[in-house]
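Shown next, in structure tokens, is the structure this report addresses.
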Amino acid sequence: MRKTSWAITFVSVAVLLTLVRLCASERLIRSTDVSHTKITIYYGLMEHCQLVEANLPDNQNNSNWYTLYECRKFPTSLFDGCEKENRTFCATWVTAGYAAELSAGFAALTTLTILFGVSSRARRRRMWRAVAGLLSLHVLLQIITFCVVTVAFYPNFERARFGLSYVFSMLTWVIGILTVAGVVVTGRSAEKGNRWAAGNRAYHTFD
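Numbering (mature numbering (1 follows the signal peptide of the UniProt record, and there is no 0)), first residue to last: -25 to -1, 1 to 182.
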């Protein structure tokens, strides 16, 4: 495969890694307004963050804004009933978090594979299978994470909405599928000796 093809693949995987990090928090958002106080809760795969914004007028009816932002691990037995009624939810949510972290590991390993293999023409010929395999595992784990969050949305998160991270999560596995398809098509074409994929020094395999 051409160096240009691998450069494009490397950039795509780097984008995937960035999106994975952006997906870590704010998958779901819930907001409530109660008597001059707005409470916004952000649910991530690993943590739960709460933003409290209170407007408390003084005796002269002047506005005084107070803000409190704090995060904690999510889900937990103490706050989220993981040892009681929410045991199944907590187990699946934690699994989704580990799947997301593992997918990031496969994406990082893919970038290292490309950097190691692109320096040698012989390795560039062969490594497309390894890259496609690693990326496929990354995509599979991202799809699992996406599905868990989608299924858990109702009825566990009433009056909540999907956050921007949820959109990033969808983009991650869509871009991943397209990248895997591109690597496989280009790799197979290069093995068949097509110059657009193999370059000016096209190679052929012999039976």
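No residue lacks a Cβ here, since even glycine has one placed at the ideal position from N, Cα and C.
Separation of N30 and F137 (C-alpha to C-alpha, rounded to the nearest whole angstrom) is 26 angstroms.
Between the C-alpha atoms of F128 and A83 there is a straight-line separation of about 29 angstroms. Between T154 and L110, the C-beta gap is smaller than 8 angstroms, which places the two residues in contact. Burial is judged here by how many other beta carbons sit within 10 angstroms of a residue's own beta carbon; F121 has at least 16 and is buried. When the five nearest sequence neighbours on each side are left out, the beta carbons in the same chain lying within less than 6 angstroms of the beta carbon of S78 are those of H113, L116, Q117, in order along the chain. Counting C-beta pairs closer than 8 angstroms gives three or more between the stretch -14 to -6 and the stretch 144 to 154, which meets the contact rule. A Cβ-Cβ distance of about 5 angstroms is found for the pair S144 and C(-3), placing them in contact under the 8 angstroms criterion. It is roughly 11 angstroms from the alpha-carbon of L(-10) to the alpha-carbon of F81. Per the coordinates, the alpha-carbon of I4 lies some 9 angstroms from the alpha-carbon of L139.
The continuous beta strand (DSSP E) containing D8 extends over residues 3 to 9.
Residue environment analysis places P32 among the exposed positions, since fewer than 16 neighbouring C-beta atoms fall within 10 angstroms of its C-beta.
By the neighbour-count criterion, in which 16 or more other beta carbons inside 10 Å mark a residue as buried, V9 falls on the exposed side.
Of the residues Y17, G162, D55, the one whose Cα lies closest to the Cα of A107 is G162. Taken atom to atom, the span from the alpha-carbon of T51 to that of S6 is near 21 angstroms. Each residue's CA atom was taken as its position, placing H11 and L26 some 14 angstroms apart. Judged by beta-carbon spacing, V124 lies within the 8 angstroms limit of R2, meaning their Cβ atoms are closer than that value.
Apart from the 5 residues on each side of it in sequence, R98 sits with its Cβ closer than 6 angstroms to the Cβ of G92 in its chain, given in chain order. W40 is positioned such that its CB atom lies closer than 8 angstroms to that of E28.
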